[in-house]
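Colleague:
Residue numbers (the UniProt record's numbering), protein chains in the order written: chain P, 1 to 337; chain F, 1 to 337.
(1) Beta carbons nearer than 7 Å to chain P: which residues of the stretch 254 to 273 of chain F have them?
(2) Can you list the residues of chain F that residue 276 of chain P reaches, using a CB-CB cut of under 8 Å?
(3) Distance, Cα to Cα, residue 233 of chain F vs residue 245 of chain F?
(4) Alpha carbon to alpha carbon, how far is residue 294 of chain P from residue 45 of chain P? Give it in angstroms, no decimals.
(5) Tell whether a beta-carbon distance below 8 Å holds between residue 104 of chain F and residue 314 of chain F.
(6) Of all the CB atoms in chain F, is at least one closer than 8 Å to the CB of residue 135 of chain P?
(7) When you compare only the Cα positions, how much space is there between residue 267 of chain F and residue 238 of chain F?
(8) Chain P partners of residue 220 of chain F, CB-CB under 9 Å?
(9) With burial defined as no fewer than 16 other Cβ atoms inside 10 Å of the residue's Cβ, what is the status of residue 5 of chain P: buried or exposed?
(10) Can you name the residues of chain F whose CB is closer than 9 Å to the CB of residue 280 of chain P?
(11) If contact means a Cβ-Cβ distance below 7 Å, which residues of the stretch 215 to 245 of chain F contact chain P?
(12) Just how far apart, CA to CA, sit residue 289 of chain F and residue 72 of chain P?
(13) So residue 227 of chain P and residue 250 of chain P are supposed to be a Cβ contact under 8 Å. How far apart are they, rounded?
(14) Strictly under 8 Å for the Cβ-Cβ distance: is residue 156 of chain F near chain P by that measure?
(15) Would residue 50 of chain F and residue 321 of chain F be called neighbours here (beta carbons separated by less than 8 Å)?
(16) Decide if residue 277 of chain P is buried, meaning its Cβ has at least 16 other Cβ atoms within 10 Å, or exposed.
(17) Would the stretch 148 to 157 of chain P and the stretch 130 to 137 of chain P be scored as touching if the rule is three or more Cβ pairs under 8 Å?
(18) Kindly indicate if chain P contains any beta-carbon less than 8 Å away from that of residue 45 of chain F.
(19) Beta carbon of residue 191 of chain F, beta carbon of residue 168 of chain F: below 8 Å?
(20) Taking Cβ-Cβ distances shorter than 7 Å, what residues in chain F pair up with residue 56 of chain P?
(21) Any contact between the stretch 27 to 34 of chain P and the stretch 291 to 311 of chain P? By contact I mean 3 or more CB pairs, one from each, below 8 Å.
(22) Rounded to whole angstroms, how far is the Cβ of residue 11 of chain F from the Cβ of residue 19 of chain F, which I believe are closer than 8 Å?
(23) Tell whether a beta-carbon distance below 8 Å holds between residue 230 of chain F and residue 254 of chain F.
(24) What is the DSSP secondary structure of residue 170 of chain F, counted as helix, strand or coil?
(25) Would residue 327 of chain P and residue 183 of chain P be called neighbours here (beta carbons separated by less than 8 Å)?
(26) Taking all protein chains shown into account, decide if residue 175 of chain P is buried (16 or more other Cβ within 10 angstroms of its Cβ) or exposed.
(27) Looking at the structure shown, is residue 115 of chain P part of a helix, part of a strand, or coil, going by DSSP?
(28) Jot down the residue ranges of each uninterrupted beta strand (DSSP E) in the stretch 241 to 299 of chain F, minimum 3 residues, whole runs only, in chain order.
(29) Rounded to whole angstroms, what's the CA-CA distance from residue 331 of chain P to residue 79 of chain F? Just pull it up for me.
(30) Where are the alpha helix (DSSP H) runs, 4 residues long or more, that stay fully inside the stretch 149 to 219 of chain P, in chain order?
(31) Let me check understanding here. Comparing Cα to Cα, which of F/162, F/15, F/222 lies closest to residue 179 of chain F?
(32) Kindly say whether residue 283 of chain F, judged by its beta-carbon, lies nearer than 8 Å to any beta-carbon of chain P.
(33) Cβ of residue 71 of chain P less than 8 Å from any chain F Cβ?
(34) Beta-carbon of residue 251 of chain F versus every beta-carbon of chain P: anything under 8 Å?
(35) Could you name the residues that DSSP lists as bridge partners for residue 310 of chain F?
(36) For residue 161 of chain P and residue 252 of chain P, I'd like the C-alpha separation in whole angstroms.
See the structure below:
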């Protein structure tokens, strides 16, 4: 059977805030049958993961580091690859995560990063959110980088984001005191009501972040899980305790403007012996099995939940992506095809 | 015997660049005899350590952290304490390091941090430089925080400073490739000629630091030992390799102006999984014996040298201190009384 495969390409490099005109919907014929001697696999994409970090791959000067090839720049006119879950339609049948794309069907060569999803009692979407890369990022970042101890205080920014809402739950389950910040009353209510955060605040309604953190952490912050960078990172460092740890997971406030770069006070870093550490989930594959086992167990017993924000239809991917930078999403952003 | 003890106090908090008028020379009578029932010790100060970090204790808003009491603010009108080496003149006779002061004699109570210096074949001044706190800072910062591996590339800023010139030598002795930066041709020559650095540059003669680092480290930086902060830290992070480590020891370029704060690119920190870690020698007392043994051995066999810059006379302490921020000192700055 031949189908018309629709896919998005990058039309121009993103400069500042992304817009719909940066992307182009194209299509081409695709034969949905295994070809003689081909090692290719054709996947019908079911859920596409929509992630803020992708914007860094869409910039003219993108942070392409040899050691992190998924971070490489997306070339103009080429299909946009992305994490996702799909169903194999040609070749042996199994469902997949990473790397699919902003497209109906993905043709994956033998060198691709497809992995089979085990039979699971969880919704398929979980395998690209709480049990996928967002979950591993939260788990590895929190346990491997932040090295929490029971009773420590934890601050999570973008706490309703794909990773943040999971970090806060892991932190509560580890006996920590957890405060999150987010950009709307609805999100703050969700954090305190549904997700069990000890406290939360709407950063848009605070006159200054430094005072908000002083109020929420009268005895200081031991761990800061940073998803936003900028002035939030500066204020967190200013309110940190001795031997505090900052896991730098993302810097979404800096992605659309290079003028918002964080300048944390190095005197605080020295005198309080603070460690600021960048990380990628990718490097922590050694804890993957443990992560799946622990997290599945939490989910099964209702001790943790996955918040997902699902849009529908391939055509909605660019607008879903753009909305991330306005903070419209609540939880993990996915597009169901 | 009664003497007139001269000492310096802080007359006004330092704001920006320090000046002589920030300090006041005072004096008062002191009885040089052990008093009945007193647990006090009187020390004749011989060498006073002159250190850039002291400026942070002289500011109105100083980084006073409970866990680091030597970092506490120096109160107006009170004697200025400092590291040093002296001779006990009343009570049982031994020589001392820390905490003495900007004064002829120090009266140390039972809670003071005096330690006896063992009989030594080294000059007395070494016990406040290469075998004192500067040495421990270099040793612990390099081995405990930077965790070097043979063959790695190391960048040291303020490489002719009290700590920097020792870090570079430890790094060479560990089989690393070492580049230092300093602020004069004389210092660059010393680094390359006397101290065995593989390369060195005068940052004042570089149009931009980023290009200088690209030239000196065509394959990137694995370890950055930061003594200066500001744009040097930004450029080092930009030129760092994956899994690079930054030991934040000082930020002298930021001490006299809060507008020069470093804003390293957090995307580099994330994608290159960089660790930026502040530290104080104070926390690494567990390696003190090892440090003394290893360093004494290097000194004894001529594999390492201590560069000291010694002024004379109590009255010269403020000007020696101020000159640190113009970069006048070559090696560890001491005043001999």
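For each residue, glycine too, the CB sits at the ideal point set by N, CA and C.
Modeller: Considering the structure as presented:
(1) Those would be 254, 261, 262, 263, 265, 266, 267, 268, 269, 270, 271, 272, 273, in chain order.
(2) For the purposes of this step, residue 276 of chain P is identified with residue 276 of the first chain, where counting begins at 1. Going along chain F in sequence order, the residues near residue 276 of chain P (Cβ under 8 Å) are 269, 275, 276, 277.
(3) The residue labelled residue 233 of chain F in the question sits at position 233 within the second chain. The residue labelled residue 245 of chain F in the question sits at position 245 within the second chain. Roughly 12 Å separates the two Cα atoms.
(4) Looking up residue 45 of chain P in the first chain gives position 45. Looking up residue 294 of chain P in the first chain gives position 294. So the two alpha carbons sit approximately 28 Å from each other.
(5) Here the question's residue 104 of chain F lines up with position 104 in the second chain. Here the question's residue 314 of chain F lines up with position 314 in the second chain. Yes.
(6) For the purposes of this step, residue 135 of chain P is taken as the residue at position 135 of the first chain. It does not: the Cβ of residue 135 of chain P has no partner Cβ on chain F nearer than 8 Å.
(7) Walking along the second chain from the start, residue 267 of chain F turns up at place 267. Walking along the second chain from the start, residue 238 of chain F turns up at place 238. Straight across, the Cα-Cα distance linking residue 267 of chain F with residue 238 of chain F is about 10 Å.
(8) Within the second chain, the letter at position 220 stands for residue 220 of chain F. The contact set of residue 220 of chain F on chain P, defined by CB atoms closer than 9 Å, is empty, because the minimum CB distance reaches about 10 Å.
(9) Translated into the one-based positions of the first chain, residue 5 of chain P becomes position 5. Flag for residue 5 of chain P reads buried.
(10) As a first step, residue 280 of chain P must be located in the first chain, where it is residue number 280. Correct list: 270, 271, 273.
(11) Going along the stretch 215 to 245 of chain F in chain order, one finds 229, 242 with a Cβ nearer than 7 Å to chain P.
(12) Working through the second chain from its first residue, we reach residue 289 of chain F at position 289. Working through the first chain from its first residue, we reach residue 72 of chain P at position 72. If you take the alpha carbons of residue 289 of chain F and residue 72 of chain P, they lie about 47 Å apart.
(13) Here residue 227 of chain P refers to the residue found at position 227 of the first chain. Here residue 250 of chain P refers to the residue found at position 250 of the first chain. So it is a contact: roughly 4 Å between Cβ atoms.
(14) For the purposes of this step, residue 156 of chain F is taken as the residue at position 156 of the second chain. Taking Cβ atoms only, chain P never reaches closer than 8 Å to residue 156 of chain F, which makes this a no.
(15) Counting from one through the second chain, the residue named residue 50 of chain F turns up at place 50. Counting from one through the second chain, the residue named residue 321 of chain F turns up at place 321. Yes, these two residues count as a Cβ contact at 8 Å.
(16) Residue mapping note: residue 277 of chain P aligns to position 277 of the first chain, counting from 1. In summary, residue 277 of chain P is buried, with 16 or more beta-carbon neighbours lying within 10 Å of its beta-carbon over all protein chains present.
(17) Below 8 Å, too few C-beta pairs join the stretch 148 to 157 of chain P and the stretch 130 to 137 of chain P to call them touching: fewer than three.
(18) Position 45 of the second chain, counting from 1, holds the residue named residue 45 of chain F. Not an interface residue.
(19) Working through the second chain from its first residue, we reach residue 191 of chain F at position 191. Working through the second chain from its first residue, we reach residue 168 of chain F at position 168. Taking 8 Å as the Cβ cut-off, residue 191 of chain F and residue 168 of chain F qualify as a contacting pair.
(20) Your numbering for residue 56 of chain P matches position 56 in the first chain. Here the neighbours are 267.
(21) Output reads no: the stretch 291 to 311 of chain P does not touch the stretch 27 to 34 of chain P.
(22) The residue labelled residue 11 of chain F in the question sits at position 11 within the second chain. The residue labelled residue 19 of chain F in the question sits at position 19 within the second chain. For residue 11 of chain F against residue 19 of chain F, the beta-carbon gap comes to about 10 Å, at or over 8 Å, which does not count as contact.
(23) Against the second chain, residue 230 of chain F aligns to sequence position 230. Against the second chain, residue 254 of chain F aligns to sequence position 254. Taking 8 Å as the Cβ cut-off, residue 230 of chain F and residue 254 of chain F qualify as a contacting pair.
(24) Numbered from 1 along the second chain, position 170 holds the residue referred to as residue 170 of chain F. Helix at residue 170 of chain F.
(25) Within the first chain, numbered from 1, the residue matching residue 327 of chain P stands at position 327. Within the first chain, numbered from 1, the residue matching residue 183 of chain P stands at position 183. A contact, by the Cβ cut-off of 8 Å.
(26) One-based indexing of the first chain puts residue 175 of chain P at position 175. By the neighbour-count rule (16 or more Cβ atoms within 10 Å), residue 175 of chain P is not buried but exposed.
(27) Residue 115 of chain P sits at position 115 when you count from the first residue of the first chain. Reduced to three states, the DSSP call for residue 115 of chain P is strand.
(28) Fully enclosed beta strand (DSSP E) runs of 3 or longer: 275 to 278.
(29) Start at 1 with the first residue of the first chain, and residue 331 of chain P comes out as number 331. Start at 1 with the first residue of the second chain, and residue 79 of chain F comes out as number 79. Straight-line Cα distance between these residues: approximately 57 Å.
(30) You should have 164 to 173, 185 to 193, 209 to 216.
(31) Locating residue 179 of chain F in the second chain gives position 179, counting from the first residue. Residue 179 of chain F has its Cα closest to that of F/222, out of F/162, F/15, F/222.
(32) Walking along the second chain from the start, residue 283 of chain F turns up at place 283. Residue 283 of chain F belongs to the set of residues whose beta carbon lies under 8 Å from a beta carbon in chain P.
(33) The residue labelled residue 71 of chain P in the question sits at position 71 within the first chain. At a cut-off of 8 Å, the C-beta of residue 71 of chain P has a neighbouring C-beta in chain F.
(34) Here residue 251 of chain F corresponds to residue number 251 of the second chain, with the count starting at 1. Cβ-Cβ to chain P under 8 Å: yes for residue 251 of chain F.
(35) Counted from its first residue, the second chain places residue 310 of chain F at position 310. Per DSSP, F/334.
(36) Here residue 161 of chain P refers to the residue found at position 161 when the first chain is read from its first residue. Here residue 252 of chain P refers to the residue found at position 252 when the first chain is read from its first residue. Between residue 161 of chain P and residue 252 of chain P, the C-alpha separation is close to 11 Å.
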